[in-house]
């Protein structure tokens, strides 16, 4: 803690040993053991502004609290075997990111009260997250859809990009969501999505989302639902429709069980 600022350092390392070299894939590399390490830090704070004059029946707003959380993160890593010299059997092992990443982000939340007298409750009516990411020239770009995961930076898709994600809680049961990832390496939008979620009643909700992936010239429509059968079990169903080639791409079902944890009972 630095005054009103939070400093979060991070450090990670990994050793991977292979039984054999990859002569056909990378004949110049005869290393059997790969060493990988990273270090970094994130600096963040939160500011707020309260406006009690906000009152709109049309938008269901009563008072407004604006939370602003700027953050800056820098992370660097190195290895004795470059990831482009390895066949990728597991992307979380061979595909570890390399180089230096600097991320400037701004998270914003607008909170209001809904429900009326004797029923007032606070909600996050609108959330907006923006990130600007710069990557060093020695980093290997593996995907046109660049994304920084600061709590697991080694799993990031590195590159120079701008990301914006937003959610508007129109009512307590209906919300609109959207996101955009713009790649400066390819000078084009990499991924665009938009959709909505509906909470039909407590324990039962559904969603629908459109996804456009520019690099693949592909468009998809995702939709699904989840229902809490009991306090322990929930049932979910999801489907993805390929709008470019037509037809269903995937259909999946799942059953989740909630286990006891701190502050929670089953």
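In the numbering used here, the protein residues as written are 51 to 316. Every residue gets a Cβ at the ideal spot worked out from N, C-alpha and C, and that includes glycine.
Check: residue i C-beta below 7 angstroms from any heavy atom of the ligand NAD
i	result
residue 114	For the ligand NAD, the structure offers nothing, since it holds no ligand at all.
Residue i, DSSP secondary structure in three states
i	result
residue 304	strand
residue 267	coil
residue 285	strand
residue 137	coil
residue 204	helix
residue 152	strand
residue 93	strand
residue 316	In this prediction, residue 316 scores a pLDDT of 42, lower than 50, which makes its location untrustworthy; the coordinate-derived value is nonetheless stated afterwards. Coil.
residue 164	strand
residue 107	coil
residue 176	strand
residue 99	strand
residue 309	coil
residue 170	coil
residue 295	coil
residue 234	coil
residue 144	coil
residue 132	coil
Endpoints, the beta strand (DSSP E) within which residue i is located
i	result
residue 263	254-263
residue 120	111-129
residue 244	238-251
residue 217	211-221
residue 190	Per DSSP, residue 190 belongs to no beta strand (DSSP E) and is neither H nor E.
residue 57	56-67
Nearest neighbour of residue i, chosen from the options [CA to CA]
i	options	result
residue 214	132, 99, 91, 198	198
residue 87	102, 93, 64	64
residue 108	229, 220, 238	220
residue 182	291, 92, 155	155
residue 269	298, 285, 283, 275	298
residue 292	283, 267, 176	267
residue 103	110, 97, 114	114
residue 81	131, 125, 60	131
residue 99	118, 273, 194, 85	118
residue 235	302, 209, 187	209
residue 237	207, 204, 195	195
Supposed close pair residue i, residue j - CB separation, criterion 8 angstroms
i	j	result
residue 144	residue 129	That pair is no contact at about 11 angstroms.
residue 217	residue 223	14 angstroms between Cβ atoms; not a contact.
residue 277	residue 245	Their Cβ separation, rounded to whole angstroms, is 19 angstroms, which puts residue 277 and residue 245 out of contact at 8 angstroms.
residue 56	residue 89	Wrong, their Cβ atoms sit about 18 angstroms apart, outside the cutoff.
residue 175	residue 162	5 angstroms
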